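*Asks:*
Protein chains in written order, with the numbering used here: chain A, 1 to 117; chain B, 1 to 113.
Structure, rendered in structure tokens:
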């Protein structure tokens with residue numbers, strides 16, 4: 001089954017304790033991305049990757065790191081989490097480019113609900 | 001810049017009522033447009049999409065038409081069901097957004113029997 005998986009699904013942690021949220025896709029997609037979803041703000045992009053070893057900042061990258069060593073995996077790293085990073089996080093993937101310059105839909109993982117105390 | 005504006009709701013309807021959720025966008029070039037749905041406690045699922053002007057996306061009884069002249073992509077369904085209760089997000093994607101999906105803030109739909 002084609003899917004994007006994330007782990008863990010739920011995480012409660014304390015300020016300053018490094019954590020990693022994993023993301024993996026089995027669709028051979030070049031493009032992967034992380035979003036956070038907050039009430040009243042909708043979804044905002046944190047980081048994205050156009051392909052292996054190619055990553056770039058989205059709209060809200062502060063406090064986050066990513067890496068793309070393999071095509072299928074795109075982990076999100078919080079080196080020193082703070083309470084303002086409490087949020088619902090989604091990983092997504094897609095093919096890079098659609099037909100004739102159009103843009104493909106992104107496939108989303110189930111989400112990771114993170115609480116930083 | 002790129003942005004998406006949609007009615008925030010909540011929208012409360014009775015079963016079999018007609019649904020419209022308005023969505024307008026601002027974007028340079030020719031974005032692709034999407035509607036995603038988020039059921040309670042779940043991730044986002046693609047509901048439908050349209051990639052060029054006048055295209056109509058449709059799925060599960062929902063429809064939306066890409067109107068470049070009014071920069072709109074309104075979501076409609078002729079007869080909603082209780083199982084349609086969810087949050088609906090309008091989104092666009094184009095090269096100038098770095099290929100990110102730019103989302104509206106979401107519209108909560110609640111359907112009662």
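Note that the Cβ used here is the ideal one computed from N, Cα and C, for glycine as well.
This structure is a prediction, so every number in the text was calculated from the model and none was measured.
Count the C-beta pairs between the stretch 48-68 of chain A and the stretch 77-93 of chain A that are closer than 8 Å, then say yes if the count reaches three, no if not.
*Replies:* Segments in contact, yes.
*Asks:* Under a CB-based cut-off of 9 Å, is residue 89 of chain B close to chain A?
*Replies:* Closer than 9 Å: yes.
*Asks:* In its own chain, which residues sit with a C-beta less than 7 Å from the C-beta of residue 93 of chain A, not counting the 5 before and 5 after it?
*Replies:* Around residue 93 of chain A: 4, 25, 27, 29, 31, 32, 106, 107.
*Asks:* By the 8 Å beta-carbon criterion, what residues does the stretch 43-77 of chain B contribute toward chain A?
*Replies:* Under the 8 Å Cβ criterion, the stretch 43-77 of chain B contributes 43, 44, 45, 46, 49, 51, 52.
*Asks:* Comparing alpha-carbon positions, which option in B:40, B:19, B:18, B:2 lies nearest residue 32 of chain B?
*Replies:* That would be B:2, whose Cα lies nearest to the Cα of residue 32 of chain B.
*Asks:* Tell me whether the beta-carbon of residue 56 of chain B lies closer than 9 Å to the beta-carbon of residue 19 of chain B.
*Replies:* No, they are not a contact pair.
*Asks:* For residue 33 of chain A, which residues in chain B fall below 7 Å Cβ to Cβ?
*Replies:* By Cβ distance, chain B contributes 100.
*Asks:* Taking the C-alpha atoms as reference points, what is the distance between residue 17 of chain B and residue 86 of chain A?
*Replies:* Roughly 37 Å between the two C-alpha positions.
*Asks:* With a cut-off of 9 Å, does the C-beta of residue 9 of chain B fall near any C-beta of chain A?
*Replies:* Residue 9 of chain B does not count as touching chain A.
*Asks:* From which residue to which residue does the beta strand (DSSP E) around residue 88 of chain B run?
*Replies:* Its beta strand (DSSP E) spans residues 86-93.
*Asks:* Please determine, among B:14, B:72, B:99, the residue with the shortest C-alpha to C-alpha distance to residue 50 of chain B.
*Replies:* Of B:14, B:72, B:99, the residue nearest in Cα terms is B:72.
*Asks:* Helix, strand or coil for residue 7 of chain A per DSSP?
*Replies:* In this structure, residue 7 of chain A counts as strand in the three-state DSSP scheme.
*Asks:* Just to confirm the assignment, what range does the beta strand (DSSP E) spanning residue 21 of chain A have?
*Replies:* Start and end: 19-25.
*Asks:* In chain order, what residues of the same chain have a beta carbon less than 7 Å from the beta carbon of residue 97 of chain B, not counting five sequence neighbours either side?
*Replies:* Confidence at residue 97 of chain B is low in this model, with a pLDDT of 47, below 50, so the placement of that residue is unreliable and no value is reported for it.
*Asks:* Anyone know if the C-beta pair for residue 112 of chain B and residue 15 of chain B falls short of 9 Å?
*Replies:* Yes, they are a contact pair.
*Asks:* Taking the straight line between their C-alpha atoms, what separation do you get for residue 46 of chain A and residue 93 of chain B?
*Replies:* Residue 46 of chain A and residue 93 of chain B: Cα-Cα distance of roughly 16 Å.
*Asks:* Compare the C-beta of residue 85 of chain A with all C-beta atoms of chain B and state if any pair is closer than 9 Å.
*Replies:* So no, residue 85 of chain A is outside the interface.
*Asks:* So what does DSSP say about residue 2 of chain B, is it helix, strand or coil?
*Replies:* Correct three-state label for residue 2 of chain B: coil.
*Asks:* According to DSSP, is residue 59 of chain B helix, strand or coil?
*Replies:* Here residue 59 of chain B sits in strand by DSSP.
*Asks:* Pull up the distance between the alpha-carbon of residue 42 of chain B and that of residue 8 of chain A, whole angstroms please.
*Replies:* Taking the straight line joining both Cα atoms gives about 14 Å.
*Asks:* So, helix, strand or coil for residue 82 of chain A, using DSSP?
*Replies:* Of the three classes helix, strand and coil, the one that applies to residue 82 of chain A here is coil, per DSSP.
*Asks:* Between B:13, B:40, B:106, which has its C-alpha nearest residue 81 of chain B's C-alpha?
*Replies:* For residue 81 of chain B, the nearest C-alpha among the options comes from B:13.
*Asks:* Taking 9 Å as the CB-CB limit, is residue 76 of chain A close to chain B?
*Replies:* Cβ-Cβ to chain B under 9 Å: no for residue 76 of chain A.
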